[in-house]
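Engineer: The opening residue of the sequence shown carries number 1 in UniProt numbering; numbering runs sequentially from there.
Ideal placement from N, C-alpha and C gives every residue a C-beta, glycine not left out.
Have a look at the structure that comes next, please.
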Amino acid sequence: MYRNYLKIAFRSIWKNKTFSLINVIGLSIGLSAAFVIGIMIYYDLTFDKFHEDRERIYRVVVDDTQGPDREGHFRGVPVPLIDVLQANSTGIDHVSPFFLFGFDKVTVASSQEEFDWPGDIVIADQEYFKIFNYQWLAGSSNAALENPYEVVLSKSRAEKYFPGKLPEEVIGNTLIYEDSLIVKVTGIVAEFEDRSDFTFKEFLSRSSVQNSEKYSYIYDTSWGSISSSTQLFIKTDKFNNKEAVQAQLNALAEEYKNEEMAALGYFRSFNLQPLKALHLNDNYGVFDNSSYRASADILFGLGFIALFLLLLGCINFINLNTAQSAKRAKEIGIRKTLGSSKKQLVIQYLGETFILTLSAAILSLFLASLLLRVFADFIPPGLSLDLMQNPVLIFSLLLLLILITFLAGFYPGLVLSHFKPVSVLKNQSVLDGDKGSLRKFLTVFQFVIAQVFIIATLLVGKQINYLINKDMGFKTESIAYIKAPRGEASLEKYEAFKEVLEAVPEVKNLSIAGDPPASQSYSGRGVSYFSEGEETHVQIQLLYGDENYLDLYGIDLLTGRLPLKDSISEYVINETLMRQIGFQKPEEVIGQQFKVNNKNIPIVGVMEDFNQSSLREEIEPMAFLQDSQNRTLHFSFEANDIENWPLAINKIESQWKEFFPDETFKINFVDEDVKKFYSEEQSTATLLKWSTGLAILISCLGLLGLVIHTTERRTKEIGIRKVLGASIMQLNLLLGKEFMVLVGIAFVIAVPIAWWGISTWLQEFANQTTLSWWVFLLGGLGISIIALAVISIKIFAAANTNPVNSLSTE
1 MYRNYLKIAF RSIWKNKTFS LINVIGLSIG LSAAFVIGIM IYYDLTFDKF
51 HEDRERIYRV VVDDTQGPDR EGHFRGVPVP LIDVLQANST GIDHVSPFFL
101 FGFDKVTVAS SQEEFDWPGD IVIADQEYFK IFNYQWLAGS SNAALENPYE
151 VVLSKSRAEK YFPGKLPEEV IGNTLIYEDS LIVKVTGIVA EFEDRSDFTF
201 KEFLSRSSVQ NSEKYSYIYD TSWGSISSST QLFIKTDKFN NKEAVQAQLN
251 ALAEEYKNEE MAALGYFRSF NLQPLKALHL NDNYGVFDNS SYRASADILF
301 GLGFIALFLL LLGCINFINL NTAQSAKRAK EIGIRKTLGS SKKQLVIQYL
351 GETFILTLSA AILSLFLASL LLRVFADFIP PGLSLDLMQN PVLIFSLLLL
401 LILITFLAGF YPGLVLSHFK PVSVLKNQSV LDGDKGSLRK FLTVFQFVIA
451 QVFIIATLLV GKQINYLINK DMGFKTESIA YIKAPRGEAS LEKYEAFKEV
501 LEAVPEVKNL SIAGDPPASQ SYSGRGVSYF SEGEETHVQI QLLYGDENYL
551 DLYGIDLLTG RLPLKDSISE YVINETLMRQ IGFQKPEEVI GQQFKVNNKN
601 IPIVGVMEDF NQSSLREEIE PMAFLQDSQN RTLHFSFEAN DIENWPLAIN
651 KIESQWKEFF PDETFKINFV DEDVKKFYSE EQSTATLLKW STGLAILISC
701 LGLLGLVIHT TERRTKEIGI RKVLGASIMQ LNLLLGKEFM VLVGIAFVIA
751 VPIAWWGIST WLQEFANQTT LSWWVFLLGG LGISIIALAV ISIKIFAAAN
801 TNPVNSLSTE
């Protein structure tokens with residue numbers, strides 16, 4: 001019996017090659033997108049799943065609140081919190097702090113070979129290896145990092161520093177960090193084989209830094225100081241009483257709170273973040289060295305995209321097969337006359353659907369491989385179709401194919417099984433209005449999805465262009481900066497380097513300062529302002545620069561003067577800070593004072609507002625000051641002389657090598673830094689473009705199938721109308737208007753959905769583009785033109801057919 005089912009299924013598929021091909025292509029496109037997105041979701045959901053007792057591992061994070069609308073989230077913690085928890089805590093087995101730190105270079109003592117910017121270095125203690133399960137190739141976790149001047153290397157880093165040596169042979173060798181910190185290798189560990197955010201390669205003992213004057217500054221003892229490079233992980237005891245541990249953290253936050261800030265409504269809390277939430281939490285991020293940042297919101301959106309594309313493919317299947325039901329009516333009537341039950345007919349049809357679905361799945365694997373190459377710049381390097389070998393994904397794939405088979409094949413099979421044998425064998429109509437209404441509804445649904453994608457793509461692109469091109473309040477074009485080597489103690493040496501560059505004709509407006517006006521780093525402090533007996537506390541961002549800095553970046557000084565050279569006790573504030581302390585005119589605020597650590601700091605000037613980070617954020621209150629400890633050299637190139645920039649950069653690099661022969665030269669451009677603020681949005685836009693293209697393709701394939709069915713069913717009508725004098729344009733209008741009405745209805749439904757979705761997304765941005773009416777109109781016009789082209793191609797072909805051929809049987 002089943003052999004007969006298969007034989008009939010293959011015959012039916014071959015007989016209706018065009019419709020079968022449309023079904024397979026539509027499903028394969030949806031499945032390929034689902035495969036790629038499914039792999040991406042699985043990839044990000046399976047980070048750090050292999051650690052022993054992972055449900056007991058937490059990161060301590062910091063959350064600040066100031067009123068109902070202002071909050072901050074930090075992955076770093078105050079250093080004193082580490083000491084308190086290590087000295088006295090209950091319900092915790094291990095407390096592991098570590099500090100992410102970047103060294104300019106490391107030297108292998110035995111070979112004197114130098115390695116610049118090795119990266120992926122952490123400063124930790126022995127507790128780290130008691131929480132996280134590393135495989136030890138040499139040395140032991142029991143005494144690792146227990147003493148000063150010890151380092152543990154990963155296998156790959158050991159092979160890099162000591163090529164050709166076995167792990168045991170590396171033990172005892174000496175490494176020198178930045179010509180001053182001399183350490184001994186005491187252990188070699190293997191990198192994690194499974195996916196992990198803990199990609200560190202070198203582990204320096206914490207006591208090495210505490211005993212070193214040069215690096216002890218990272219061990220800040222202030223409860224108010226937070227750095228994202230200072231991480232704290234804990235492992236609870238076997239009872240895993242998270243609530244009890246959290247209660248201890250709450251008590252510490254209360255005990256060590258800043259009373260003045262608390263009186264002004266500013267509260268800080270220490271909270272536990274489970275290890276399983278580390279990879280996908282947007283509030284805290286992962287680590288400073290993370291090159292790939294996942295987003296739960298993006299994965300959620302990708303899941304919906306995969307679902308919609310699969311639905312579009314299934315809708316094609318349902319529409320085309322119910323539309324063709326009349327062709328199979330006699331077959332079904334004969335089968336029912338010969339004794340076939342409804343159950344057998346549905347099973348037969350589901351079998352045909354499964355064959356098509358399986359064919360689509362095989363084709364989709366090739367398409368998925370192509371999509372992975374297309375999205376290579378937006379996915380992590382470890383993501384590939386090899387993940388499909390995972391038993392979980394294989395089972396999910398089989399379950400998906402069965403679900404699609406049932407979803408796409410059950411209803412058409414049910415429709416066919418309900419045909420009455422007597423009616424179909426007498427050539428009476430077996431179709432009713434309900435089936436046509438369902439096809440219209442599903443077609444509208446398809447084009448609603450396609451048009452929402454189109455409108456969303458246009459508006460997301462419009463927002464990104466707005467962000468990139470909007471004036472941030474300072475110059476970004478033609479400006480570059482070079483950071484001085486860490487540890488360079490001589491400001492005079494850097495000043496001399498600056499003077500040499502001033503002689504390079506292509507270089508203009510040099511300034512020694514801190515970070516650019518907009519950057520991803522943050523330096524700030526809390527200040528107090530007293531007016532008429534009332535105290536106002538403000539958290540302000542600090543910007544460091546010399547007397548040339550504001551002029552270089554085109555930031556206007558509205559009133560007053562610049563701080564005196566090397567003065568950190570005078571502020572030039574921005575307009576936002578001016579308004580926040582109650583002044584509306586720049587002239588009025590000159591001479592007012594802030595109180596910082598019981599010291600009065602006068603306001604000597606007001607500068608215009610500018611955005612200090614991504615335009616997602618509001619402009620923050622800021623103060624500009626001078627500080628001789630800054631070591632970043634900013635300068636501009638001649639904007640109209642771009643062709644000579646490479647020559648100028650070569651000149652700068654040659655001078656750099658004379659002043660800093662042992663350091664790597666690296667130049668950064670401010671406009672490129674600004675574009676990096678929107679990498680997530682640009683990835684979203686690219687994914688939307690491809691999703692839109694796939695949605696349009698699937699929808700138009702389904703529309704083409706319905707048009708083919710309509711023209712085949714109305715072949716004789718077309719012939720008669722041509723004989724009676726109907727033109728090709730009249731026939732096109734007659735046959736196409738029904739489909740264009742459906743596209744128009746879809747547009748009316750899609751507009752409010754797209755408007756709501758994009759409006760919600762734009763709420764994340766402090767600076768928003770307008771939801772222009774022409775974008776919606778352009779989206780509707782675009783899909784209408786595409787749909788009209790698809791309809792017209794087939795209708796023109798049918799209308800050009802010789803009517804003699806279609807009427808010859810009459």
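Could you tell me the alpha carbon to alpha carbon distance between Phe354 and Thr199, rounded to whole angstroms?
Structural biologist: Along the sequence shown, one-based indexing puts residue 354 at 354. Along the sequence shown, one-based indexing puts residue 199 at 199. Distance between the alpha carbons of Phe354 and Thr199 is about 44 Å.
Engineer: Is the beta carbon of Ile41 sitting closer than 8 Å to the one on Leu278?
Structural biologist: Locating residue 41 in the sequence shown gives position 41, counting from the first residue. Locating residue 278 in the sequence shown gives position 278, counting from the first residue. Contact: no.
Engineer: Can you list, in chain order, the residues of its chain whose CB lies under 7 Å from that of Val79, leaving out five sequence neighbours each side?
Structural biologist: As a working mapping, residue 79 is identified with position 79 in the sequence shown. Cβ neighbours of Val79 beyond the five flanking positions: Tyr219, Asp220, Thr221, Thr230.
Engineer: DSSP three-state label for Ile182, please.
Structural biologist: Along the sequence shown, read from residue 1 onward, the residue named residue 182 stands at position 182. Ile182 falls in the strand class under three-state DSSP.
Engineer: Bridge partners for His537 per DSSP, in chain order?
Structural biologist: Residue mapping note: residue 537 aligns to position 537 of the sequence shown, counting from 1. DSSP output for His537 lists Ser528 as bridge partner(s).
Engineer: Could you name each continuous beta strand (DSSP E) segment of 3 residues or more that falls completely within the region 102-144, going from the start of the chain to the end?
Structural biologist: Those beta strand (DSSP E) runs which fall completely within the region 102-144 and span 3+ residues are 105-108, 113-116, 121-124, 136-138.
Engineer: From the DSSP secondary-structure annotation, give me the bridge partner or partners of Asp63.
Structural biologist: In the sequence shown, the residue the question calls residue 63 occupies position 63. Paired residue(s): His73, Ser269.
Engineer: When you compare the CB positions of residue 814 and Leu788, do they come within less than 8 Å of one another, or not?
Structural biologist: Nothing in the structure corresponds to residue 814, since the chain is present only between 1 and 810.
Engineer: Exposed or buried, what is Gln348 when buried is set at 16 or more other beta-carbons lying within 10 Å of its beta-carbon?
Structural biologist: Position 348 of the sequence shown holds residue 348. Result: buried.
Engineer: For the structure I just gave you, are there three or more beta carbon pairs, one from the region 109-116 and one from the region 245-257, closer than 8 Å?
Structural biologist: As far as the Cβ criterion goes, the region 109-116 does not touch the region 245-257, which means the pair count is below three.
Engineer: Per DSSP, what kind of secondary structure is Lys165 in: helix, strand or coil?
Structural biologist: On the sequence shown, position 165 is the one that residue 165 refers to. Lys165 falls in the coil class under three-state DSSP.
Engineer: Just tell me which of Lys15, Ile29, Arg11 has its CA closest to the CA of Trp690.
Structural biologist: Position 690 of the sequence shown holds residue 690. Comparing Cα-Cα distances from Trp690 to each of Lys15, Ile29, Arg11, the minimum goes to Ile29.
Engineer: Let me check understanding here. Comparing Cα to Cα, which of Leu701, Lys716, Trp761 lies closest to Leu27?
Structural biologist: What you label residue 27 is simply residue 27 of the sequence shown in a count that begins at 1. That would be Leu701, whose Cα lies nearest to the Cα of Leu27.
Engineer: Relative to the alpha-carbon of Asp44, which residue among Thr760, Val596, Gly382 has its alpha-carbon at the smallest distance?
Structural biologist: Counting from one through the sequence shown, the residue named residue 44 turns up at place 44. Comparing Cα-Cα distances from Asp44 to each of Thr760, Val596, Gly382, the minimum goes to Gly382.
Engineer: For the putative contact between Ala144 and Ile188, defined by C-beta atoms under 8 Å, what is the C-beta separation to the nearest angstrom?
Structural biologist: Taking the sequence shown and counting its residues from 1, one reaches residue 144 at position 144. Taking the sequence shown and counting its residues from 1, one reaches residue 188 at position 188. With a Cβ gap of about 10 Å, Ala144 and Ile188 do not count as contacting.
Engineer: Over the uninterrupted beta strand (DSSP E) stretch that includes Val606, give me the two end residues.
Structural biologist: Here residue 606 corresponds to residue number 606 of the sequence shown, with the count starting at 1. Element bounds for Val606: 599-607.
Engineer: Terminal residues of the continuous alpha helix (DSSP H) containing residue 811?
Structural biologist: The requested residue 811 does not occur in the structure, where the chain is confined to residues 1 to 810.
Engineer: Give the range of the beta strand (DSSP E) segment to which Phe635 is assigned.
Structural biologist: Within the sequence shown, the letter at position 635 stands for residue 635. First-last of the beta strand (DSSP E) with Phe635: 632-637.
Engineer: Whose C-alpha, out of Leu564, Ser679, Val122, Gln593, is nearest the C-alpha of Leu577?
Structural biologist: Counted from its first residue, the sequence shown places residue 577 at position 577. Here the closest residue by C-alpha is Gln593.
Engineer: Find the nearest neighbour of Val60 within the set Ile25, Ala34, Lys15, Phe98, judged by alpha-carbon distance.
Structural biologist: The count along the sequence shown starts at 1 and reaches residue 60 at position 60. When only C-alpha atoms are compared, the closest one is Phe98.
Engineer: What's the C-alpha gap between Tyr571 and Gly605?
Structural biologist: Residue 571 sits at position 571 when you count from the first residue of the sequence shown. Residue 605 sits at position 605 when you count from the first residue of the sequence shown. Their Cα atoms are separated by approximately 7 Å.
Engineer: Pull up the distance between the alpha-carbon of Phe453 and that of Leu703, whole angstroms please.
Structural biologist: By 1-based counting over the sequence shown, the position of residue 453 is 453. By 1-based counting over the sequence shown, the position of residue 703 is 703. Going from the Cα of Phe453 to the Cα of Leu703 covers about 17 Å.
Engineer: Would you call the CB atoms of Gln451 and Ala639 closer than 8 Å?
Structural biologist: Stepping through the sequence shown from its first residue, residue 451 is reached at position 451. Stepping through the sequence shown from its first residue, residue 639 is reached at position 639. Cβ distance not < 8 Å, so Gln451 and Ala639 don't count as in contact.
Engineer: Here's the rule I'm using: 16 or more other beta-carbon atoms within 10 Å means buried, otherwise exposed. How should Asn281 be labelled?
Structural biologist: Here residue 281 corresponds to residue number 281 of the sequence shown, with the count starting at 1. Its Cβ being crowded by 16 or more others within 10 Å, Asn281 is buried.
Engineer: Per DSSP, which residues does Tyr58 bridge with? Please list them.
Structural biologist: The count along the sequence shown starts at 1 and reaches residue 58 at position 58. DSSP lists Ile234, Pro274 as partners of Tyr58.
Engineer: Are Phe474 and Gly554 close, meaning C-beta to C-beta below 8 Å?
Structural biologist: Residue numbering aside, residue 474 sits at position 474 when the sequence shown is read from its first letter. Residue numbering aside, residue 554 sits at position 554 when the sequence shown is read from its first letter. Cβ distance < 8 Å, so Phe474 and Gly554 count as in contact.
Engineer: Assuming Thr770 and Leu735 are in contact, meaning their beta carbons sit under 8 Å apart, how far apart are those beta carbons, in whole angstroms?
Structural biologist: Looking up residue 770 in the sequence shown gives position 770. Looking up residue 735 in the sequence shown gives position 735. At roughly 40 Å, the Cβ-Cβ gap does not stay under 8 Å, so Thr770 and Leu735 are not in contact.
Engineer: Starting from the N-terminal side, write out each stretch of the beta strand (DSSP E) that is 3 residues or longer and does not extend beyond the UniProt domain "ABC3 transporter permease C-terminal" (693-803).
Structural biologist: Complete beta strand (DSSP E) runs here, min 3: none at all.
Engineer: Is DSSP giving Thr174 helix, strand or coil here?
Structural biologist: Counting from one through the sequence shown, the residue named residue 174 turns up at place 174. Three-state result, Thr174: strand.
Engineer: Which first and last residues belong to the alpha helix (DSSP H) in which residue 846 is found?
Structural biologist: An answer regarding residue 846 cannot be provided, because it is not within the stretch 1 to 810 covered by the chain.
Engineer: Quick one: any contact between the region 489-508 and the region 532-545, if contact means 3 or more CB pairs under 8 Å?
Structural biologist: No, the region 489-508 is not in contact with the region 532-545.
Engineer: Cα-Cα, which of Ser528, Leu633, Leu438 is closest to Glu495?
Structural biologist: Taking the sequence shown and counting its residues from 1, one reaches residue 495 at position 495. The residue with the shortest Cα to Cα distance from Glu495 is Leu633.
Engineer: Assuming Trp223 and Tyr256 form a contact by the criterion Cβ under 8 Å, report the distance between their Cβ atoms to the nearest whole angstrom.
Structural biologist: What you label residue 223 is simply residue 223 of the sequence shown in a count that begins at 1. What you label residue 256 is simply residue 256 of the sequence shown in a count that begins at 1. Indeed, because the Cβ distance is near 5 Å, the residues count as touching under 8 Å.
Engineer: Going by beta carbon distance, what residues of the same chain come within less than 7 Å of Ile315, once the five residues before and after it are set aside?
Structural biologist: If you number the sequence shown from 1, residue 315 lands on position 315. Result list for Ile315: Leu442, Phe445, Gln446, Gly702, in chain order.
Engineer: With DSSP run on the structure shown, which of helix, strand or coil describes Glu587?
Structural biologist: Position 587 of the sequence shown, counted from the start, is the residue given in the question as residue 587. The answer is helix: DSSP assigns Glu587 an H, G or I state.
Engineer: Sorted by chain position, which residues of the same chain lie with C-beta nearer than 6 Å to Gly409's C-beta, five sequence neighbours on each side aside?
Structural biologist: Locating residue 409 in the sequence shown gives position 409, where the first residue counts as 1. If we look at Gly409 and ignore the five residues flanking it on each side, its Cβ neighbours are Tyr349, Leu350, Thr353.
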